[in-house]
Amino acid sequence: MINKTARWLWPLAFCSTAVQAVHLDVEIKGEANRIQAGFCRTPSAVGCDLPPQLAINLNLPPKTLPLDGSNGKMIFLSDFRDFAGGPNRTPNPGFQAALNALNPGELVRYRALGYLEYWQAATQEWAAAPDNVRIKLSGGIDPALVITDYNQCGGQLFCFADGIGNQNAVTLYTGSGISGNPEMLVDVAGNSGTLHTHLNWFLENNQGVIGGPVGAYRVEMQMMSNQRDEPSEPFYIMFNAGLPVADFSEALQQLIGLQPPPDSQPQPVIKPIANAGDDRVVRLGTLVTVDGSASSDPQPGPLSLSFNWQQTTGPSVTLSANNQVATTFTPQQAGNYTFKLAVSDGAETNYDEVSVTVPRRGDIDLDGDVDRIDVALILLAVQKNSAIAANDVRDVDGNGVINNADAHAAKAICTLRLCAPTRR
59 MINKTARWLW PLAFCSTAVQ AVHLDVEIKG EANRIQAGFC RTPSAVGCDL PPQLAINLNL
119 PPKTLPLDGS NGKMIFLSDF RDFAGGPNRT PNPGFQAALN ALNPGELVRY RALGYLEYWQ
179 AATQEWAAAP DNVRIKLSGG IDPALVITDY NQCGGQLFCF ADGIGNQNAV TLYTGSGISG
239 NPEMLVDVAG NSGTLHTHLN WFLENNQGVI GGPVGAYRVE MQMMSNQRDE PSEPFYIMFN
299 AGLPVADFSE ALQQLIGLQP PPDSQPQPVI KPIANAGDDR VVRLGTLVTV DGSASSDPQP
359 GPLSLSFNWQ QTTGPSVTLS ANNQVATTFT PQQAGNYTFK LAVSDGAETN YDEVSVTVPR
419 RGDIDLDGDV DRIDVALILL AVQKNSAIAA NDVRDVDGNG VINNADAHAA KAICTLRLCA
479 PTRR
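According to this note's numbering, the sequence shown is numbered sequentially starting from 59.
Dropping the structure here:
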């Protein structure tokens, strides 16, 4: 419980940050298939410069952060006047992972969420930021310029595309949402599973001129990894842009003291519905389409649905487009191919898989060989004038119809004794 009587007593050390640098970091670590974001949870962690008096007067345990009273999300605190950044800019918070917190070569990126919030002393309320101000986050790397294909990178875990030296992508938080690149690469873990990086935060107007209205600002983000499917829980970063200590204290206390209405239930988080389509059996050597267009988003997120396809089993194939709603490939070997579809709405991600079975040519019953049973199944389809499906395995010669020529083709492929002529 927060001590409301102390709300004006704790002298935020931000009054001294104008004359000394602070070091505040988001601590990153991997746990199974999820990336975690926290604050000073590891004994060797650095970047823990929270003002001691702040923790004491808010009854915060050592090395913890204030939490939003409405949803329990962490609130990292920063100041656009800190010595290291200069007026209206700051490198805090940075991002760091302690020894063995990540896998060597693990790529960590952030995802911007929500919109820019603003608090001013005149209204004493949090609201969307004015149209003429934004917070810019720069220094990250555009994910489109990062290649993780082992073969393209000459045996390395990752490499950069041409033009990396000229990239100038940024993330922009505004009162209406996120623009620029919502996701950017922060850093890559070293051989000991560590990283430590500070990007650059700027308060500016829409023309990029440094500066903005005096007040408190808040943004939201989460961390992601190329080696883990689940992102971190979202967290907030609250910046002081010139407010006196008492006013910044009031802005923070309003967030900490917020409580959901007593009779309301938290709205359940509904992830996008990923639908990679039905499993199927297709003919060897034909163009196959896997389609995620049946995916949907019952609880729309901040972004339109995005798609990412990844092959998980089967002989290696080249997909025509990994990040489109549908993609194609041509199997040149018999086998079972599985593809994983990730569908994201900018806040939540969900997954589905589709299996494509590609038997050897003439293997109609999928038992691994071609025999008289396969021939009989083709002849039965001819007798019943069965409809032909796309990439139908009974169309052995691939001419678009199922007829006696397909049965003869299957018999020609078979080397088993049971492939003696089948009477009709």
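The beta-carbon is built from N, C-alpha and C at its ideal position, and this holds for glycine as well.
As the structure is a computational prediction, the values presented were derived from the model and not from experiment.
- Distance from the Cα of Asp455 is smallest, within the candidate group Ala445, Ala447, His466, for His466.
- Judged by pairs of C-beta atoms under 8 angstroms, the region 276-286 touches the region 158-166, as three or more such pairs exist.
- In this chain, Val440 is not harboured by any beta strand (DSSP E); it is covered by the alpha helix (DSSP H) spanning 430-441.
- Straight through space, the alpha carbons of Arg418 and Asp427 are spaced by roughly 8 angstroms.
- Distance from Thr386 to Leu345 at the Cβ level is roughly 6 angstroms; contact confirmed, criterion being Cβ atoms closer than 8 angstroms.
- When DSSP states are grouped into helix, strand and coil, Lys469 belongs to the helix group.
- The residue from Tyr275, Thr371, Ile446, Asp337 with its alpha-carbon nearest to that of Gln182 is Tyr275.
- Residue pairing from DSSP leaves Asn190 without any beta-bridge partner.
- Within the same chain, Trp184, Arg276 come within 6 angstroms of Glu175 by CB-CB distance, once the 5 residues on both sides are set aside.
- A straight line joining the alpha-carbon of Gly269 with that of Asn190 spans about 11 angstroms.
- Within the region 323-410, complete beta strand (DSSP E) segments of at least 3 residues are found at 346-349, 364-371, 384-387, 393-402, given in chain order.
- Across the set Gly238, Gly235, His256, Glu291, the C-alpha of Glu291 shows the shortest separation from the C-alpha of Asn129.
- When secondary structure is reduced to three states using DSSP, Ala227 falls in the coil class, being assigned neither helix nor strand.
- In this structure the region 137-157 does not lie against the region 229-238, because fewer than three pairs of beta carbons, one per stretch, are closer than 8 angstroms.
- Within the same chain, and ignoring the five residues on either side of Val84 in sequence, the residues whose Cβ sits closer than 6 angstroms to its Cβ are Ala95, Pro151, Phe153.
- Taken through DSSP and simplified to helix, strand or coil, Ala309 comes out as helix.
- According to the DSSP secondary-structure assignment, Gly152 is paired through a beta bridge with Asp83.
- Counting along the chain, the unbroken beta strand (DSSP E) around Asp137 starts and ends at 133-137.
- Under DSSP, Ser413 shares a beta bridge with Thr396.
- Annotated as distal: Glu406 and Ala334, with beta-carbon spacing of 8 angstroms or more.
- Scanning its chain for C-beta atoms nearer than 7 angstroms, with the 5 sequence neighbours on each side dropped, one finds around Ile431 the residues Asp423, in chain order.
- Taking a 10 Å sphere around the C-beta of Thr388, we find fewer than 16 other C-beta atoms and assign the residue as exposed.
- The three-state secondary structure of Leu123, taken from DSSP, is coil.
- Exposed is the label assigned to Arg99, since fewer than 16 other Cβ atoms lie within 10 Å of its Cβ.
- The Cβ atoms of Thr232 and Tyr294 lie no closer than 8 angstroms to each other.
- Looking at the DSSP output, Asp245 sits in a beta bridge with Val166.
- For Ala187, the CB contacts under 6 angstroms within the same chain, skipping 5 residues up- and downstream, are Leu174, Tyr176, Gly233 in chain order.
- The three-state reading of DSSP puts Asn263 in coil, since its state is none of H, G, I, E or B.
- Judged by DSSP in its simplified three-state form, Ala185 adopts strand.
- One Cα belongs to Ser250, the other to Asn161, and the distance between them is close to 8 angstroms.
- Taking the Cα of Asp336 as reference, the smallest distance to any Cα among Val414, Gly393, Leu361 is reached at Val414.
- The Cβ atoms of Thr347 and Ala384 lie closer than 8 angstroms to each other.
- Contact between Gln357 and Ile331 does not hold, since their C-beta atoms are separated by about 10 angstroms, which reaches or exceeds 8 angstroms.
- Assigned with DSSP and collapsed to three states, Ala299 falls in strand.
- Taking the CA atoms as reference points, Gly248 sits about 60 angstroms from Ala439.
- Burial is judged here by how many other beta carbons sit within 10 angstroms of a residue's own beta carbon; Gly458 has fewer than 16 and is exposed.
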